[in-house]
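Asks: The numbering used here applies: residue 2 is where the sequence shown begins, and numbers increase by one.
Just so it is clear, CB atoms sit at the ideal spot from N, CA and C, and this is done for glycine as well.
Can you read through this structure? Questions will come right after.
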Amino acid sequence: MQTQTAQRILRSYRRRRLIVCIGLAILALFLTLSARFVAERKVNEQHMLSFNQRVISTLESILIPLGDTNKDITPLVGMSCQTAQVKMLEHAARLQTVRSIGLIKDGILYCSSIFGPQAVPINLLQPRLPSALPLLYLSIDHTLLKGTPILLSWTPAENSSRDGVIQTINIELLTGLILEPERPWVSRAVLNVADSHLEYGKGLLQRITVAEGEVSHEMASERFAFSVTTIGPPPGLLALSNLPTQLPLALILSMLIGYIAWLATANRMSFSWEINVGLALHEFEVFCQPLLSARNLQCVGVELLLRWNNPRQGWIPPDVFIPLAEQQNLIAPLTRFVLEETVRHIDIFPKTRDFHIGINVAASHFHEGVIIADLRRYWLPAKAVQKLTLELTERDALPDVDHRVVRDLHRMGVNLAIDDFGTGQSSLAYLETLNPDVLKIDKSFTAAIGTDAVNSTITDIIIALAQRLGIQLVAEGVETPQQAEYLRSHGVNVLQGYLYARPMPLSEFPRWLRGNNTPPPRRKGHPVPVIPLR
Ligand code: C2E
Ligand code: CA
Ligand code: CA
């Protein structure tokens, strides 16, 4: 039952720890994927942006030399075509991007770099021309490659709105090169000049249509009157669709974080941590249970017993936390606490040499003489007159106990008791190795008195053994007057049990003691409990 409780407590700690670690791992996974998502979205946006920038600077680098050409060619307006054509051909050949150059005088295209002398009203070919202002616009070729898109650059001659130079740029070829979409970030790219648009793969358009679920980015040139629009899937959606590829790495990372959390919480989220917290927060309290002389029922000592009021778990019985504390190497701090508390309250105990103060000590505490060091530190400075008895239970591996420690204890005037005597495996062997001053008859043997023939016989044997070896006997778990009478009549010197007193807070002991010093109340010739059972 108690071990079940201990297992339950340990399981609940492990479960909580597991929940925390899994929670952290999930959080890490979520954060990693979110971070990847944000980063990826930014990268996608950046791709669109840099695509635009690249297109703009390429087109600008194409348009800049046209300005120089204009400077050279504009003075030719009005000159004979024969003279001008050679120069124009030269320029067109040098620029490569220019399909043809034309000279316009009084609104008539009179000279073309390709066709030589002409006489075509320019507004028949290009209704917007001639114009008093320089123009850059997209149009359709009506002369050479009929129907193909072209970019026209019109430069009016000085002081005339009807004379000028027209350069035809081979824009279809250019856009085929520079507007090629960059998937998956850019699925469509459009060049916008004035109110017309040239889309890669689609030709000239009057307006740009953006489908649902697509986003568009427009960027304008700072030097020329054109802009570029890129259209593609939303960067967030793109990042989201890419997220599964990030999953393996994110999973590994989150598992790593979960594992680190598992290691890091090994101490913090364990029962041992809880015991440490309990000690720090003063949740432990020392109770005492009186030991009575079997002869006159006077109090001849106490056994100190730990109680743990844990606000998170409620009262935890010592049968649960003591074995766990032993497993986790925390029994020594608990025993030190009992020692400290005993010394702090030493004045409440009768100041006589025969008054026994029993504390429970785990065998592991005897290892390498740690208990001796602790007694020197906590017990000896108090210079208490009372007799300290260390109760060692057989539950522990008593053979671990070092003989030198036993010898030192005796030298310090500290008694040794074997607790729960008879329940362990080799009780008799300990009698020799430990040379105890006291044997405590386990409460199961006391309970057997008058009910269980076999165990009653063992009780008799233990009593006889102790008497033969001159070891003092204390019977635990005395609950009935019959048991008390039996034990007393068989020569057990000291009795402990609910019949006389339950374990009580140290602060209550003086009051109990005052009550007990008056002759014990008797009913039908037997003493009755002096404090109400709790
Ligand atoms: P224990 O050393 O055998 O302590 C006696 C136990 O019997 C105590 O249980 C006490 O409350 C109980 N008891 C006393 N009189 C009667 C009775 O008439 N009838 C019955 N049925 N029980 C009685 P508690 O306080 O629950 O302690 C249980 C065990 O926990 C102790 O057994 C002891 O082994 C351990 N323990 C308690 N405090 C400490 C401590 O400070 N250090 C160490 N190492 N162990 C401790
Ligand atoms: Ca004990
Ligand atoms: Ca016991």
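#1: Residue range of the alpha helix (DSSP H) that TYR487 falls in?
#2: For GLY148, which option in PRO122, ASN160 and LEU205 has the closest C-alpha, if you only look at C-alpha atoms?
#3: Could you check what DSSP says for PRO319 in three-state terms: helix, strand or coil?
#4: Does the Cβ of ASP420 lie closer than 7 Å to at least one heavy atom of ligand 2?
#5: Suppose the cutoff is 6 Å on Cβ atoms and the five residues either side in sequence are ignored; what does the same chain contact list for HIS198 look like?
#6: Consult DSSP for PHE288 and reduce its assignment to one of helix, strand or coil.
#7: Do LEU393 and VAL362 have their CB atoms nearer than 8 Å?
#8: Quick one, are the C-beta atoms of GLU480 and LEU500 less than 8 Å apart?
#9: Identify every run of the beta strand (DSSP E) within the segment 208 to 249, keeping only runs that are complete inside it and at least 3 residues long; order them along the chain.
#10: Can you tell which of LEU238, GLU341 and SER255 has its C-alpha closest to the C-alpha of VAL287?
#11: Here's a check: name, in chain order, each residue in its chain whose Cβ is nearer than 8 Å to the Cβ of ALA467, leaving out the five neighbours to either side.
#12: Reducing DSSP to helix, strand and coil, say where HIS283 ends up.
#13: With which residues is HIS357 paired in a DSSP beta bridge?
#14: May I ask you to report which of helix, strand or coil DSSP gives ASP26?
#15: Leaving out five residues on either side along the sequence, give the residues of the same chain with a beta carbon under 8 Å from the beta carbon of ILE532.
#16: Is it true that the CB of VAL493 sits closer than 8 Å to the CB of SER294?
#17: How would you write the range of the beta strand (DSSP E) that PRO150 sits in, first residue to last?
#18: With DSSP as the reference, please indicate the residues paired to GLN83 in a beta bridge.
#19: Excluding the 5 residues flanking HIS143 on each side, which residues of the same chain have their C-beta closer than 7 Å to its C-beta?
#20: Rounded C-beta distance between PHE104 and VAL166? I'm assuming under 8 Å.
#21: In whole angstroms, give me the CA-to-CA distance for MET270 and GLN484.
#22: Does the count of Cβ pairs from the segment 295 to 313 and the segment 277 to 287 closer than 8 Å reach three?
#23: Short check: CB of ILE360 to CB of VAL339, under 8 Å?
#24: Taking the continuous alpha helix (DSSP H) assigned at GLN97, which residues delimit it?
#25: Could you tell me the alpha carbon to alpha carbon distance between GLY233 and LEU178, rounded to whole angstroms?
#26: Going by alpha carbons, who is nearest to ARG189 out of LEU90, VAL56, VAL78 and LEU417?
#27: Taking 8 Å as the cut-off, decide whether the C-beta atoms of PHE272 and TYR487 are in contact.
#28: For the alpha helix (DSSP H) containing GLY204, name the first residue and the last one.
#29: So what's ARG17 in DSSP terms, helix, strand or just coil?
#30: Measure from the alpha carbon of ARG469 to the alpha carbon of each residue in LEU432, ASN456, GLN497 and SER51, then state which is nearest.
#31: Nearest by alpha-carbon distance to ILE10: which of ARG412, SER228, ILE323 and ASN171 is it?
#32: LEU534 to PRO291, Cα distance in whole Å?
#33: Buried or exposed: which applies to LYS444, given that a residue is buried once 16 or more other Cβ atoms fall within 10 Å of its Cβ?
#34: Taking C-beta to C-beta, are ILE102 and ALA94 nearer than 8 Å?
#35: Mind reading off the beta-carbon distance from VAL1 to ALA226? Whole number of angstroms is fine, and I expect it under 8 Å.
#36: In the DSSP assignment, what are the bridge partners of VAL362?
Replies: This is what the structure gives:
#1: Where TYR487 is concerned, the enclosing alpha helix (DSSP H) starts and stops at 482 to 490.
#2: Among PRO122, ASN160 and LEU205, the Cα nearest to that of GLY148 belongs to LEU205.
#3: PRO319 carries a helical assignment under DSSP once its states are collapsed to helix, strand and coil.
#4: Indeed, a heavy atom of ligand 2 lies less than 7 Å from the Cβ.
#5: Closer than 6 Å at Cβ, skipping near neighbours: VAL191, LEU206 and ILE209.
#6: PHE288: strand per DSSP, three-state reduction.
#7: Taking the C-beta atoms as reference points, VAL362 is found nearer than 8 Å to LEU393.
#8: It is a contact, given that the beta carbons lie within the stated cut-off.
#9: For the segment 208 to 249, whole beta strand (DSSP E) runs of length 3 or above, ordered along the chain, are 216 to 221 and 227 to 233.
#10: Of LEU238, GLU341 and SER255, the residue nearest in Cα terms is GLU341.
#11: Counting only Cβ-Cβ distances below 8 Å, and skipping sequence neighbours, we find LEU440, GLN473 and LEU474.
#12: Judged by DSSP in its simplified three-state form, HIS283 adopts coil rather than helix or strand.
#13: Per DSSP, GLY302 and LYS388.
#14: The question names Asp, yet the displayed sequence has Ala at residue 26. Under the three-state reduction of DSSP output, ALA26 falls in the helix class.
#15: Note that ILE532 scores 38 on pLDDT, short of 50, meaning its location in the model is unreliable; the coordinates nonetheless yield the value given after this. Taking ILE532 as the centre and dropping the five residues before and after it, the same chain places the C-beta of ALA502, ARG503, MET505, GLU509, TRP513 and GLY516 closer than 8 Å to its C-beta, in chain order.
#16: Not in contact: SER294 and VAL493 (Cβ atoms no closer than 8 Å).
#17: That run of the beta strand (DSSP E) goes 150 to 157.
#18: Checking the DSSP bridge columns, you'll see GLN83 has no partner listed.
#19: Counting only residues of its own chain and dropping the five nearest sequence neighbours on each side, HIS143 has a CB closer than 7 Å to the CB of LEU126.
#20: Note on residue identity: the sequence assigns Leu, not Phe, to residue 104. Indeed, because the Cβ distance is near 6 Å, the residues count as touching under 8 Å.
#21: One C-alpha to the other measures close to 45 Å.
#22: As far as the Cβ criterion goes, the segment 295 to 313 touches the segment 277 to 287, which means the pair count is three or higher.
#23: Cβ distance < 8 Å, so ILE360 and VAL339 count as in contact.
#24: Counting along the chain, no alpha helix (DSSP H) covers GLN97, and no H or E run does either.
#25: Computed Cα separation, rounded: 19 Å.
#26: Distance from the Cα of ARG189 is smallest, within the candidate group LEU90, VAL56, VAL78 and LEU417, for VAL56.
#27: Here PHE272 is not near TYR487, since their CB atoms are 8 Å or more apart.
#28: Looking at the DSSP string, GLY204 is not in any alpha helix (DSSP H); the run it does join, the beta strand (DSSP E), is 204 to 206.
#29: In this structure, ARG17 counts as helix in the three-state DSSP scheme.
#30: It is LEU432 whose Cα lies nearest to the Cα of ARG469.
#31: Selected option, being the one with the closest Cα: ILE323.
#32: Confidence at LEU534 is low in this model, with a pLDDT of 36, below 50, so its placement is unreliable and the value that follows should be read with caution. The straight-line gap from Cα to Cα measures roughly 14 Å.
#33: Flag for LYS444 reads buried.
#34: Here ILE102 is not near ALA94, since their CB atoms are 8 Å or more apart.
#35: Missing from the structure shown is residue 1; the chain here goes from 2 to 535 and no further.
#36: LEU393.
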